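In this note's numbering, the protein residues as written are 15 to 422.
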């Protein structure tokens with residue numbers, strides 16, 4: 015029952031809506047009235063006028079769809095055979111057969127469309143053998159026209175199927191493009207957060223420090239740092255816009271757009287795209303220096319062979335290091351002790367940051383930092399753990415090394 019429902023659901027309706035469905039009825043009615051007008055039914059004697067309607071019933075049944083038309087055509091040829099296959103009825107069946115067979119082959123699913131004209135030819139041949147004195151010429155004429163109509167309908171069916179498959183592929187591509195655009199928007203949001211949040215956070219922290227400094231020289235230094243941070247933020251935003259405009263230079267621009275602001279890594283001390291182990295360690299040192307300049311006591315630990323970390327993973331770690339530094343500035347107790355560690359083990363690399371939590375409300379906390387880190391680590395099959403224990407906040411980023419070295 016399910017198979018029957020499945021293939022009947024694939025039958026296409028007649029094109030043209032209600033008007034298209036009325037056309038077969040009008041054609042059948044016109045041809046039937048023409049036969050009655052010329053008196054073709056007189057040769058059948060009683061009920062001759064009703065018998066003349068037999069060839070046109072399948073054509074009229076197309077109003078209900080391809081399946082009723084196909085079934086009624088087979089039923090009509092059987093009834094015509096039962097009354098002796100008169101030549102007049104077979105001749106009247108030619109034109110309706112062309113429309114019905116071609117229409118059914120066009121509207122039915124491909125397998126049923128191929129079988130239908132073959133079934134028509136087989137039934138016609140079988141009935142010809144059963145009916146004595148059946149007019150051979152009339153039977154051959156119906157068979158030939160059925161064959162031509164079937165070929166034409168199958169050709170149209172193949173064209174329709176190609177068009178539908180193309181439409182489905184286009185729809186699938188549009189859905190895929192929508193997913194890609196959504197992913198790109200998410201990545202862009204993370205990029206904007208990475209570029210802007212760090213520098214803006216530092217600007218806010220420096221502005222807050224300036225409120226409590228009485229020394230004019232220190233105040234001037236703080237204001238200069240604010241100006242440099244703002245200038246670097248603008249430069250990073252311009253780099254991101256350039257990256258979006260020049261898609262063929264995404265890989266090069268991505269490294270530049272991910273550089274940390276002047277209070278985290280000074281532009282004159284940038285390590286390039288962090289494609290070397292030395293560059294990654296340089297970035298760690300720069301983040302530690304920036305935290306120390308903000309009054310924190312930083313304990314930096316690097317263990318293991320940093321050179322084992324693939325280049326693509328170094329880029330992700332660089333941004334993660336920057337994010338951890340900014341989170342410390344936002345949430346840690348001022349002038350407290352901070353621990354930052356990079357551990358390269360046999361099967362994974364781990365980046366850990368530990369700090370005491372400040373009781374004050376954090377500056378501009380959007381809570382997207384951890385989300386961005388999780389998304390970035392998820393690409394490499396890693397995970398992020400973050401939580402508080404007795405007033406100490408620990409963020410741990412773990413990424414497996416197995417398979418990454420081969421991929422890179």
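For glycine and all other residues, C-beta sits at the position ideal for the given N, C-alpha and C. No experiment lies behind these values; they were computed from the predicted model shown.
Rounded separation between residue 47 and residue 35 - CA only: In the chain shown, residue 47 corresponds to position 33, counting from 1. In the chain shown, residue 35 corresponds to position 21, counting from 1. Residue 47 and residue 35 have their C-alpha atoms spaced approximately 20 Å apart.
Spatial neighbours of residue 105 within its chain, please: CB distance less than 8 Å, with the 5 preceding and 5 following residues excluded, ordered by chain position. Translated into positions along the chain shown, residue 105 becomes position 91. Excluding its 5 nearest sequence neighbours in each direction, residue 105 has C-beta neighbours in its own chain below 8 Å: 152 and 155, listed in chain order.
Under 8 Å: do the stretch 185-192 and the stretch 221-232 share three or more Cβ pairs, one atom per stretch? Between the stretch 185-192 and the stretch 221-232, the count of Cβ pairs shorter than 8 Å is below three; the stretches do not touch.
Indicate whether residue 79 and residue 25 have their beta-carbon atoms separated by less than 8 Å. Your numbering for residue 79 matches position 65 in the chain shown. Your numbering for residue 25 matches position 11 in the chain shown. Yes, the Cβ-Cβ distance between residue 79 and residue 25 is below 8 Å.
Any idea what DSSP makes of residue 386, helix, strand or coil? Locating residue 386 in the chain shown gives position 372, counting from the first residue. The answer is helix: DSSP assigns residue 386 an H, G or I state.
So residue 404 is in the alpha helix (DSSP H); what residue range does that whole segment cover? For the purposes of this step, residue 404 is taken as residue 390 along the chain shown, with counting starting at 1. Per DSSP, residue 404 lies in no alpha helix (DSSP H) segment and is marked neither H nor E.
Classify residue 369 as buried or exposed, calling it buried when 16 or more other Cβ atoms lie within 10 Å of its own Cβ. Indexing the chain shown from 1 puts residue 369 at position 355. Within 10 angstroms of the beta-carbon of residue 369 lie 16 or more other beta-carbons, which makes it buried.
Since residue 42 and residue 110 are thought to touch, with beta carbons under 8 Å apart, how far apart are those beta carbons, to the nearest angstrom? Position 28 of the chain shown, counted from the first residue, corresponds to residue 42. Position 96 of the chain shown, counted from the first residue, corresponds to residue 110. At roughly 7 Å, the Cβ-Cβ gap stays under 8 Å, so residue 42 and residue 110 are in contact.
Could you have a look at residue 242 and say whether DSSP puts it in helix, strand or coil? Within the chain shown, residue 242 is the residue found at index 228, counting from 1. Helix.
Could you pull out every residue in the same chain whose Cβ sits closer than 8 Å to the Cβ of residue 5, ignoring the five residues on either side in sequence? Given a span of 15 to 422 for the chain in the structure shown, any question on residue 5 remains unanswerable.
Let's test the definition: count the other Cβ atoms within 10 Å of the Cβ of residue 183 and tell me whether it reaches 16, buried, or not, exposed. Within the chain shown, the letter at position 169 stands for residue 183. Of the residues assessed, residue 183 falls on the exposed side of the cut-off, its CB having fewer than 16 other CB atoms within 10 angstroms.
When 360, 136, 359 and 351 are compared against residue 367, the one with the closest alpha-carbon: Translated into positions along the chain shown, residue 367 becomes position 353. Measuring from the Cα of residue 367, the nearest candidate turns out to be 351.
The beta strand (DSSP E) spanning residue 368 covers which residue range? Sequence index remark: in the chain shown, residue 368 carries index 354 (1-based). Its beta strand (DSSP E) spans residues 362-370.
By a C-beta neighbour count over all protein chains shown, 10 Å radius and 16 as the cutoff for buried, is residue 83 buried or exposed? Locating residue 83 in the chain shown gives position 69, counting from the first residue. Buried, because 16 or more other Cβ atoms sit within 10 Å of the Cβ of residue 83.
Is the closest heavy atom of the ligand MN to the C-beta of residue 353 under 7 Å? In the structure shown, the ligand MN is absent, as is every other ligand, since no ligand is present at all.
My output table needs one value for residue 145: the three-state DSSP class, helix, strand or coil. Sequence index remark: in the chain shown, residue 145 carries index 131 (1-based). Of the three classes helix, strand and coil, the one that applies to residue 145 here is coil, per DSSP.
DSSP state of residue 38, grouped into three classes? Here the question's residue 38 lines up with position 24 in the chain shown. Helix, per DSSP.
Quick one: what does DSSP say residue 24 is sitting in, helix, strand or coil? Working through the chain shown from its first residue, we reach residue 24 at position 10. Coil, per DSSP.
State the CB to CB distance for the pair residue 335 and residue 301, rounded to an integer number of angstroms; the pair is presumed to be in contact (CB under 8 Å). Taking the first residue of the chain shown as 1, we reach residue 335 at position 321. Taking the first residue of the chain shown as 1, we reach residue 301 at position 287. With a Cβ gap of about 5 Å, residue 335 and residue 301 count as contacting.
Who are the Cβ neighbours of residue 261 in its own chain at under 8 Å, not counting the five residues just before and after it? By 1-based counting over the chain shown, the position of residue 261 is 247. Interpretation of residue 261 is limited by its pLDDT of 49, a score under 50 that renders its predicted location unreliable; no figure is taken from the coordinates.
Tell me, please, which residues DSSP counts as bridged to residue 346. For this step, residue 346 is matched to residue 332 along the chain shown. DSSP lists 371 as the beta-bridge partner residues of residue 346.
Between the CA atoms of residue 304 and residue 414 - distance to the nearest angstrom: Translated into the one-based positions of the chain shown, residue 414 becomes position 400. Translated into the one-based positions of the chain shown, residue 304 becomes position 290. Answer to the nearest angstrom: the Cα atoms are 29 Å apart.
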